[in-house]
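Colleague: So the number in the working numbering is just where the residue sits in the sequence shown, counting from 1, plus 1.
Backbone N, C-alpha and C define an ideal beta-carbon position, used for all residues, glycine too.
Have a look at this one.
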Amino acid sequence: MYNDAELLFNWANDIFVRKNALNQELIIWENHLKWLKNKIESLETKIFILTQGNKSLGQIRIDKIDDCWQIDYSIDCNYRGQGLGTKIVGFLLENIDNVKFKAIVKKDNKASYSVFVKLGFKQLPTNDPDLLFFEYQKLA
Numbered sequence: 002m003y004n005d006a007e008l009l010f011n012w013a014n015d016i017f018v019r020k021n022a023l024n025q026e027l028i029i030w031e032n033h034l035k036w037l038k039n040k041i042e043s044l045e046t047k048i049f050i051l052t053q054g055n056k057s058l059g060q061i062r063i064d065k066i067d068d069c070w071q072i073d074y075s076i077d078c079n080y081r082g083q084g085l086g087t088k089i090v091g092f093l094l095e096n097i098d099n100v101k102f103k104a105i106v107k108k109d110n111k112a113s114y115s116v117f118v119k120l121g122f123k124q125l126p127t128n129d130p131d132l133l134f135f136e137y138q139k140l141a
């Protein structure tokens with residue numbers, strides 16, 4: 002995964018990704034490396050990179066928070082609009098059992114909204130005017 006540090010850094014600082022992130026500030030390289038080291042060493046984080054042949058298409062990360070796993074994903078700007086968000090989140094749903102997933106999406110992020118609705122995530126009520134909350138219970 003350290004081999005992918007620069008790739009993950011570039012994806013994280015993509016203008017569209019920053020716009021749709023909860024924290025929109027650009028990420029500093031040194032901070033990214035510290036963050037990545039902590040994530041890799043944590044038993045409560047899993048990071049997957051979607052590939053096709055030798056091309057890296059996107060990433061998905063899940064972080065254990067309380068009783069569920071929070072989803073964070075992004076698709077490389079060259080491969081957006083091809084249904085890969087649905088594919089990468091669907092990968093989790095197909096391969097990880099007995100967990101509850103949650104996702105937080107900005108209201109104007111129509112692509113992520115569509116992914117979670119299409120895959121059967123339940124939209125939760127919220128008083129936050131800018132965010133949408135989703136959850137999905139996966140039982141074996």
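(1) For the candidate residues ASN21, TYR74 and ASN55, whose alpha-carbon lies nearest to that of THR46?
(2) Would you mind sorting GLN25 into buried or exposed? The rule is 16 or more other CB atoms within 10 Å of its CB.
(3) What's the C-alpha gap between GLY84 and ASN99?
(4) Can you list, in chain order, the residues of its chain whose CB lies under 7 Å from that of LEU34, leaving out five sequence neighbours each side?
(5) So, under 8 Å CB-CB, PHE134 and THR127 are touching, yes? Tell me the CB distance rounded to an integer number of Å.
(6) In chain order, what residues of the same chain lie with their CB nearer than 6 Å to the CB of LYS40, ignoring the 5 residues before and after it?
(7) By the 10 Å Cβ neighbour count, where 16 or more other Cβ atoms means buried, how is SER43 classified, buried or exposed?
(8) Would you grab the beta carbon distance between VAL116 and GLY86 for me? Rounded to a whole angstrom, and I think it's under 8 Å.
(9) Rounding to the nearest angstrom, what Cα-Cα distance links GLY121 and ASN21 in this structure?
(10) Which whole runs of the alpha helix (DSSP H) in the region 28 to 70 are 4 residues long or more, in chain order?
Modeller: In short:
(1) Distance from the Cα of THR46 is smallest, within the candidate group ASN21, TYR74 and ASN55, for TYR74.
(2) exposed
(3) Going by the C-alpha atoms only, they are around 26 Å apart.
(4) ALA6
(5) 5 Å
(6) THR46
(7) exposed
(8) 4 Å
(9) 21 Å
(10) 30 to 42
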